[in-house]
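K.L.:
Chains as they are written, first to last, in this note's numbering: chain A, -3 to 718; chain W, -3 to 718.
(1) Does the structure place the segment 125 to 145 of chain W close enough to the segment 23 to 38 of chain W that three or more beta carbon pairs sit under 8 Å?
(2) Assuming residue 445 of chain A and residue 434 of chain A are in contact, meaning their beta carbons sit under 8 Å apart, how far apart are those beta carbons, in whole angstroms?
(3) Cβ of residue 400 of chain A less than 8 Å from any chain W Cβ?
(4) Tell me residue 196 of chain W's beta-bridge partners as DSSP assigns them.
(5) Indicate the three-state DSSP secondary structure (helix, strand or coil) for residue 440 of chain A in the structure shown.
(6) For residue 224 of chain W, count the other beta carbons within 10 Å of its own beta carbon; 16 or more makes it buried, fewer makes it exposed. Which is it?
(7) Scan the segment 39 to 113 of chain W and note each continuous beta strand (DSSP E) run of 3 residues or more that stays entirely inside, going in chain order.
(8) Nearest to residue 562 of chain A by CA position, among A:616, A:604, A:527, is which residue?
(9) Which residues of the segment 625 to 642 of chain A have a Cβ closer than 9 Å to any Cβ of chain W? Give them in chain order.
(10) Look up residue 710 of chain A in the DSSP assignment and give the residues it is bridged to.
(11) Would you say the segment 127 to 142 of chain W touches the segment 66 to 80 of chain W, given that touching needs at least three Cβ pairs under 8 Å?
(12) Within the same chain, show all residues whose beta-carbon is closer than 7 Å to that of residue 519 of chain W, passing over the 5 residues directly before and after it, in chain order.
(13) Residues in its own chain within less than 8 Å of residue 504 of chain A by CB, not counting five upstream and five downstream?
(14) Over what stretch of residues does the beta strand (DSSP E) that includes residue 211 of chain W continue unbroken?
(15) Along the chain, where does the beta strand (DSSP E) containing residue 458 of chain A start, and where does it finish?
(16) Spell out whether any CB of chain W is found under 8 Å from the CB atom of residue 285 of chain A.
(17) With 16 other CB atoms within 10 Å as the buried threshold, where does residue 674 of chain W fall?
(18) Take the Cβ of residue 597 of chain W as the centre, count every other Cβ of all protein chains shown within 10 Å, and call the residue buried at 16 or more, exposed below.
(19) Buried or exposed for residue 737 of chain A, please, with buried defined as at least 16 other CB atoms from any protein chain shown within 10 angstroms of its CB.
(20) Which residues in chain A have a C-beta closer than 9 Å to the C-beta of residue 127 of chain W? List them in chain order.
(21) Would you call the segment 103 to 123 of chain A in contact with the segment 168 to 178 of chain A, where contact means no fewer than 3 C-beta pairs closer than 8 Å?
(22) Between which residues of its own chain and residue 335 of chain W is the CB-CB distance below 6 Å, once the five residues before and five after are set aside?
(23) On the CB-based measure, 16 or more other CB atoms within 10 Å of its CB, does residue 255 of chain A come out buried or exposed?
(24) Please list, in chain order, the chain A residues whose beta carbon lies closer than 8 Å to that of residue 553 of chain W.
(25) According to the neighbour-count rule (16 or more other Cβ atoms, all chains shown, within 10 Å of its Cβ), is residue 216 of chain A buried or exposed?
(26) Between which two residues does the beta strand (DSSP E) containing residue 175 of chain W stretch?
(27) For residue 564 of chain W, count neighbouring Cβ atoms within 10 angstroms of its own Cβ and tell me buried if that reaches 16, exposed if not.
(28) Please check if any C-beta of chain A sits within less than 8 Å of the C-beta of residue 93 of chain W.
(29) Are there 16 or more other CB atoms within 10 angstroms of the CB of residue 0 of chain W, so buried, or fewer, so exposed?
(30) Who are residue 162 of chain A's beta bridge partners in DSSP?
(31) Which residues of chain A have a Cβ atom closer than 7 Å to the Cβ of residue 557 of chain W, listed in chain order?
(32) Compare the Cα-Cα distances from residue 148 of chain A to each of A:130, A:174, A:111, A:164 and report the closest residue.
(33) What residues from chain W crowd round residue 693 of chain A, counting only those whose CB sits closer than 9 Å?
(34) Which one of A:585, A:307, A:146, A:108 has the shortest CA to CA distance from residue 95 of chain A?
(35) Interface residues of chain A around residue 256 of chain W at Cβ under 7 Å?
(36) Quick check on residue 303 of chain W: buried or exposed, where buried means 16 or more other Cβ atoms within 10 Å of its Cβ?
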């Protein structure tokens, strides 16, 4: 018998159906496998439902739109059921039972509905679905119909819905649907980017009833005696021209092959693959059901979004679970999601870093366009690697548009990526990756900073003006302590990487340095910039000033502003927020998280925490987990736990009120970081050896996690006594 | 630092506000103190809100109604707040933060709201309330207003709302409101029963601002500078003519005295009283947060409903938390709520049994009216002890009314009460109670059964025809195995009580027997009835037949009817349900729970469980906990836990969909029984000694509970190893 606590901490359930949370539950019940993501939309549809089928890399820039969208593909889910002529729908007849459960362990979504028709017949409908982790092109569905009361005539109609848009934006053209027997094939092409797409759905019914197909749907009609059950298996294969020159043929072949295996065998292979995932990525917390379930939920959502076999795509801020941020990739991936993967799924981490490598050209284009050298990564990135941040917001209620500056000035993204490359290298010891790919990222972004830093002759110092740090409430500030510190660190690391290359991989290293034109002079300049980078601080208290002039802003006491859902930026208005010390997320706390002991002494870190913590609004979902991590390191366990549990429940409890747009993937990854780097104190020492410095919440009886270190899988089990 | 798990298991929270659960949360956030119950209605009101202020014993039979209602008293809660002229309401301005928390440990309800006016001002409003356990006439409220953004003009208006009804039924007359300074007095009288009622609300503001009162409300107006806070304390005293000849004077005096103590001192005294309650009634479960919180929640709701100083009232099926069942008292009290009190709060248990003693006359009247002797307790009971079960339902959609038979034929209530008396006596050793009061109940209800049993000469056996057992899906059945078995047991116990009286309290015993006319002949008849009581059973399998003919009914396989909210009775229709084996709750399982080992051998109990368990619909909220208890005793731990956790969440998760009517108090008590009598196996052996026979769910690390046994408080701590 599995313990009920184990069950509860692996399951996320909804019962009864709550139509007012339709979009929230669609998001959290997303299934995926690193290739596709399918929201938890009902098979039979529901008014206002946002059926969303996203695959990595299929972007399209629709005419009239400012930026590209990750394209919503034809929806493979629809299955409609008539019971004695009455169409099953949650708003028809009477729903006398409803339970929807996402089994995180086996990554399968199940919905059970007891439905009574207006004629008094009762059927039990069971819907199962999973995006196969064993074959990433395959979405498997099973629909079971059982006659509980009465012996109705049943009609089942299955379709692939090609009438899909991205919230109204049409990205598909040349849409064709064809039927052969019990198989539906939909092909289409994206309007601007020209990707070919094919979705093929094959069907098998547990009865010997031939499918009757009309132009767009597969139909089955049969009598179902009371207490009998039938099941329909629907296997949908998705291919695009990113995987195959002939996606239609590939999809058909894959759907055939999968259907031939049958539901049970497909499910077994899927579960076996998930067992592998959880073997290394599961975190076990004894003594805290809420934390245990939440960390499994957050880990699940990072894992279902991480590409397995494609190194030219990355994970968008909302994964493949919704339309938020249009599927674009931000620093969220490198600084929040990636560490979980570096430590527990290093192959997946490598794929994500390769995405940045393959997109270096886009970063170089952006640098050139802005008058700089090297590689300047885009704040928002899609399939091309070009900057895709919109310059203007959608019109506000008063008709005006707001200028969005992040694409111009949130330049720390380039250093965040370099940070991730080095973190990956240190944990994995994957020298080959560094030599062939990673070093080029680290060095060419350093080239960018070398050209970007501004010398201020008056003070004999280097500066960075018009930056945006993590705290986006304050835009276009001068000398962001976060950015300047990270750039200093970046240039130092670049010099160290250069030295390492020349010592350990002289030939390849020399070639790279030549190709990137990294001369002695350039290196000397980097060293000078690093040495003379201006980092504003209060000399007495040792507190960094978030940016020049921050200490002069109006201070607002946030102590009593709890509980609060709305952001202070919204409440105060953006203009006033800019003039106050209220911060979206604390740049300085983020800096402490990234630099650890290198930030400064314990006293300095404590002083900076004490100053900045009361100012933080957590207006970004990225904020609480980072603060939890740092608080745990400072031994502030009560605060750390509060922040951690908030981060862990952002999506489950919709604490930001916008889960409808998709999962807060950075928060998900951040939860793992708060546990691993915060509470467990997992880190690499100066020699690169694995260390733990646990500071566990006192009510946790134990914490167990796994970490790959230089290819070796270690199990770290910490108990309350540690 | 209190462990977050401890915090979570003592708190029930709502965040954000969910208007679709308005009535559910009103019920679960009820505060009370054994005298009054006040639903969790908002101070400022809300469309459709069911503000309910109930005190024990104030029933009224309105003209035109079939039966009396527990009367909704004038509502002491209303406090309205204007911020720069804008009336605070959850549907006005913008709610930018909302959290409502019931602290079970301290029995205080707190609501925090961040509210932004349409003008952009932001205030934080904090509402606290508790029904003082230290002075049961007192409801204490505190409302705090803090200016977060802006320095608004604040106006506060407090009233006592006398325009209250019971879902439209008017029970009050002579309603008068008077104001003196910052004090509101409402007096009224119930229309039929003539109870006098007084509610007096006294106020104190933390500012030196004089109250401006108009005819019905106390008003304060003042400017509130940004980052300042004021607080209003409102103390309402409730008295009725059941407590005082002059309820108005008593209420005024009590409100004055309480207000003079101030919020903090009132709260401290309240918390101290609750510490006493929890000292004996708290159950601690390590290793299961869900169970831990649920059992605290269910225990809280029994404790806030249990009268402390009044032995002429009892707890209705929905406590003082809603209008369901009109406040009437059923067997729920004796067989579901009472055991928790007998074992952990014996004084409160005694009060409830005294209610039945004082109402013996009503029971005797019912027996006479039906042509029987002795005391025949009413199925539904109010203040008079007369039968108050309605004979007919409200009109159905088709205009017809359904005959309600429980008042006529659910006669086992008389034995249930006798069972409770004896259970109390065995656990407490309170001989004085038995001699003076309890024995009269046990014996006079035995007199009833002696006159009620029907001799069937053909089979030389005694029978009971036209009965309703716990399974109310089957009405007016002949020879209910539950009822007949319990009556046999009852008559045997009555004879034993008689013998005990004559040995240990000869004088008083003889007087009682004489007064009740319990002669030797009568006793001989009881012995004969007990010996010859017909209990239908399948002789081969050893399975009791729930009633004559049950084995011939249609059998429906309920295996696949999950998840289900609607009852089978509703789905099938009452007529068809009567013809099937689907049962609301299992009579035979209830019998096993009550009789324990006396029911039969382990094999017999297992056989009866195996037969009846698959048939049970749990159409009553009383069912799951009883089944959990019996399953635990049979060592069926997986099933037992599932049933237990279902029972434990009935109200928290609104599993029956009708928590709006009030708390399922029997389920609450049943949860404690499932733990104490089921998992812990707490029982008294033949010599009356305390025994434990634990069968803990395997994931529970420990279970700790307390039990009074013969006046001694015992701590029982069981661990997984036991």
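The beta-carbon is built from N, C-alpha and C at its ideal position, and this holds for glycine as well.
P.N.:
Taking the geometry as given:
(1) yes
(2) About 17 Å separates the two Cβ atoms, so there is no contact after all.
(3) no
(4) W:181, W:233
(5) helix
(6) exposed
(7) 49 to 51, 75 to 79, 90 to 99, 104 to 112
(8) A:616
(9) 633, 634, 637, 638, 641
(10) A:703
(11) yes
(12) 491, 494
(13) 431, 432, 497
(14) Per DSSP, residue 211 of chain W belongs to no beta strand (DSSP E) and is neither H nor E.
(15) 457 to 459
(16) yes
(17) buried
(18) exposed
(19) The structure shown does not extend to residue 737 of chain A, since chain A spans only -3 to 718, so no value can be given for it.
(20) Neighbours of residue 127 of chain W on chain A: none; closest Cβ ~25 Å, over 9 Å.
(21) no
(22) 669
(23) buried
(24) 223
(25) buried
(26) 168 to 176
(27) buried
(28) yes
(29) buried
(30) A:165
(31) 110, 144
(32) A:111
(33) -1, 0
(34) A:108
(35) The premise fails here: residue 256 of chain W is roughly 29 Å from chain A at the closest Cβ pair, so nothing lies under 7 Å.
(36) buried
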